[in-house]
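Written below as structure tokens is the structure these notes are about.
Protein chains: 2
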Amino acid sequence: MKYVEAKEELIQAWGNLGYSWGLNKTMAQIHALLMISPKPLSTEEIMLELSISRGNANMNIRALLDWGIISRILIPGERKEFFKSEKDIWALARQVAKERRKRELEPILKVLREVNDVQSDGSEDTKELKRVVKDLKNFAEKSDGLLETFIKSEESWFWNVLLKIMK
Amino acid sequence: MKYVEAKEELIQAWGNLGYSWGLNKTMAQIHALLMISPKPLSTEEIMLELSISRGNANMNIRALLDWGIISRILIPGERKEFFKSEKDIWALARQVAKERRKRELEPILKVLREVNDVQSDGSEDTKELKRVVKDLKNFAEKSDGLLETFIKSEESWFWNVLLKIMK
DNA sequence: GGAAACTTTCAAAAACTATTGAAAGTTTAG
DNA sequence: CTAAACTTTCAATAGTTTTTGAAAGTTTCC
Numbered sequence: 001m002k003y004v005e006a007k008e009e010l011i012q013a014w015g016n017l018g019y020s021w022g023l024n025k026t027m028a029q030i031h032a033l034l035m036i037s038p039k040p041l042s043t044e045e046i047m048l049e050l051s052i053s054r055g056n057a058n059m060n061i062r063a064l065l066d067w068g069i070i071s072r073i074l075i076p077g078e079r080k081e082f083f084k085s086e087k088d089i090w091a092l093a094r095q096v097a098k099e100r101r102k103r104e105l106e107p108i109l110k111v112l113r114e115v116n117d118v119q120s121d122g123s124e125d126t127k128e129l130k131r132v133v134k135d136l137k138n139f140a141e142k143s144d145g146l147l148e149t150f151i152k153s154e155e156s157w158f159w160n161v162l163l164k165i166m167k
Numbered sequence: 001m002k003y004v005e006a007k008e009e010l011i012q013a014w015g016n017l018g019y020s021w022g023l024n025k026t027m028a029q030i031h032a033l034l035m036i037s038p039k040p041l042s043t044e045e046i047m048l049e050l051s052i053s054r055g056n057a058n059m060n061i062r063a064l065l066d067w068g069i070i071s072r073i074l075i076p077g078e079r080k081e082f083f084k085s086e087k088d089i090w091a092l093a094r095q096v097a098k099e100r101r102k103r104e105l106e107p108i109l110k111v112l113r114e115v116n117d118v119q120s121d122g123s124e125d126t127k128e129l130k131r132v133v134k135d136l137k138n139f140a141e142k143s144d145g146l147l148e149t150f151i152k153s154e155e156s157w158f159w160n161v162l163l164k165i166m167k
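First to last, the protein sequences are chains A and B.
Counting from 1, one number per residue, gives the positions in the first sequence under full-length UniProt numbering.
Counting from 1, one number per residue, gives the positions in the second sequence under full-length UniProt numbering.
Laid out in structure tokens, this is it:
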């Protein structure tokens with residue numbers, strides 16, 4: 001397989017995966033492009049490589065900065081801003097986990113805690129609801145704890161533990 | 001908090017979480033409704049409770065069946081079909097993990113394996129690409145293994161192991 | 001100051017996804 | 001066989017998200 005072909009396939013595939021991680025398509029593609037680029041790229045270069053508009057590039061670059069998975073680079077003697085991606089996939093995964101925890105898990109935990117003290121009127125419906133909420137809450141809290149551990153962990157330590165589990 | 005209020009909040013919140021797990025909004029809401037219902041519901045009842053159309057109800061029920069997270073129930077003496085959800089959240093999480101592994105992780109692994117044998121022409125770009133692909137592949141394969149273990153594991157065993165990790 | 005280089009914004013357009021509901025299809029009971 | 005009960009389909013519509021690009025804003029340099 002040729003370089004250009006491989007590059008395109010990879011951007012495509014990473015775009016899809018990023019999408020299922022909660023980024024949007026363009027965000028994920030910009031990230032993929034920066035991942036495989038040996039040097040930082042400017043907005044201009046990103047627009048050109050991915051054939052996207054200036055506005056689109058700008059917005060998604062900002063979103064990536066916001067998620068903390070790419071960073072702004074100032075090159076001496078250049079007026080443009082350049083961007084580079086965190087190349088360590090482990091760090092990236094941790095960052096994504098952190099964002100998603102904040103954006104997704106925390107809101108549902110809040111609701112579960114509220115709903116938890118629904119008035120029990122003794123009916124089947126209420127009983128079932130209470131049971132389900134209890135289970136969900138338990139599950140969500142355990143997941144939250146696990147995520148927290150993951151986010152704070154060291155790569156080698158984590159994989160070693162998992163290796164043991166997977167045996 | 002009153003029952004009806006709690007029910008609505010929960011359907012809403014579960015709808016959002018389901019969405020971030022890869023279901024769509026209505027799918028997730030139908031699932032939430034079935035989760036908290038003590039008895040199986042018919043399409044009619046689902047339509048009514050969620051104020052959605054027949055077609056929409058039908059399609060999303062089918063999608064849930066497809067994901068394997070709800071099941072069809074035949075009640076003797078009734079001609080309608082009824083549906084109930086898997087109530088064990090652990091089993092549900094495992095099922096979702098299984099589907100997403102199939103839908104998301106497998107395709108990218110395939111691409112990574114293909115892209116892996118790009119011709120190295122000695123340039124910086126090619127070197128960087130190879131490096132990134134190697135890392136991604138390593139990460140994706142480890143994740144795949146972990147997911148596999150999770151999908152096949154027993155609840156109590158899994159949480160016990162994780163509890164130990166999290167200390 | 002003012003012009004060039006660059007970044008940000010945002011309303012409009014395009015692309016994509018979800019929903020409706022009526023019609024067609026299927027199954028069951030008598 | 002036929003009517004009633006129920007399920008499925010799908011073209012049209014509604015709703016949401018993404019993208020565009022031109023204009024406005026900002027920074028830098030002489």
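Glycine included, C-beta positions come from ideal geometry on N, C-alpha and C.
Check: Out of B:ASP121, B:ILE151, B:ASN24, B:ARG94, state which residue places its alpha-carbon closest to the alpha-carbon of ARG62 (chain B).; Outcome: B:ASN24
Check: Cutting at 7 angstroms between CB atoms, please list the residues of its own chain near LEU92 (chain B), excluding the five before and the five after it.; Outcome: ILE69, GLU86
Check: Quick check: what's the CA-CA separation for ARG79 (chain A) versus ALA6 (chain B)?; Outcome: 55 angstroms
Check: Pick helix, strand or coil for ILE73 (chain B), following the three-state DSSP scheme.; Outcome: strand
Check: Which bits of chain B does ASP135 (chain A) rub up against, with CB to CB less than 7 angstroms?; Outcome: ILE89
Check: Mapping the DSSP letters down to three states, classify GLU78 (chain B) as helix, strand or coil.; Outcome: coil
Check: Of all the residues that make up the segment 1 to 15 of chain A, which are near chain B by a beta-carbon distance shorter than 9 angstroms?; Outcome: MET1, LYS2, TYR3, GLU5, ALA6, LYS7, GLU9, LEU10, GLN12, ALA13, TRP14
Check: When you compare only the Cα positions, how much space is there between SER156 (chain B) and GLN119 (chain B)?; Outcome: 47 angstroms
Check: Should LEU17 (chain A) be labelled buried (16 or more other beta-carbon atoms within 10 Å of its own) or exposed?; Outcome: buried
Check: Beta-carbon within less than 6 angstroms of ILE151 (chain A)'s beta-carbon, same chain only, minus the 5 sequence neighbours each way: which residues are those?; Outcome: ARG94, ALA97, LYS98
Check: Excluding five sequence neighbours on each side, which residues of the same chain lie with their C-beta closer than 6 angstroms to the C-beta of THR43 (chain B)?; Outcome: ALA57
Check: How many Å lie between SER153 (chain A) and MET166 (chain B) at the Cα?; Outcome: 10 angstroms
Check: Taking Cβ positions only, does residue 168 (chain A) come closer than 8 angstroms to chain B?; Outcome: Summary: the structure shown does not reach residue 168 (chain A), with chain A confined to residues 1 through 167, and so no result is reported for it.
Check: Name the DSSP beta bridge partners of LYS25 (chain B), please?; Outcome: Answer by DSSP bridge pairing: none, since LYS25 (chain B) is not bridged.
Check: Taking the beta carbon of MET27 (chain A) as the centre, do at least 16 other beta carbons fall within 10 Å, making it buried, or is it exposed?; Outcome: buried
Check: Can you find a heavy atom of the ligand SAM that lies under 7 angstroms from the Cβ of ILE70 (chain A)?; Outcome: This structure simply doesn't include the ligand SAM, nor any ligand for that matter.
Check: Using 10 angstroms around the beta-carbon of LEU109 (chain A), count the other beta-carbons present and answer buried if the total reaches 16, otherwise exposed.; Outcome: buried
Check: Are the beta-carbon atoms belonging to LYS127 (chain B) and TRP159 (chain A) less than 8 angstroms from one another?; Outcome: no
Check: Kindly say whether ASP125 (chain A), judged by its beta-carbon, lies nearer than 8 angstroms to any beta-carbon of chain B.; Outcome: yes
Check: I think LYS137 (chain B) touches LEU112 (chain B), with their Cβ atoms under 8 angstroms apart; what is that distance to the nearest whole Å?; Outcome: 4 angstroms
Check: Using the rule of at least 16 other Cβ atoms within 10 Å of the residue's Cβ for burial, across every protein chain shown, is LEU48 (chain B) buried or exposed?; Outcome: exposed
Check: Any residues in the segment 36 to 64 of chain B with a beta carbon nearer than 9 angstroms to a beta carbon of chain A? Which ones, in chain order?; Outcome: ILE36, SER37, PRO38, LYS39
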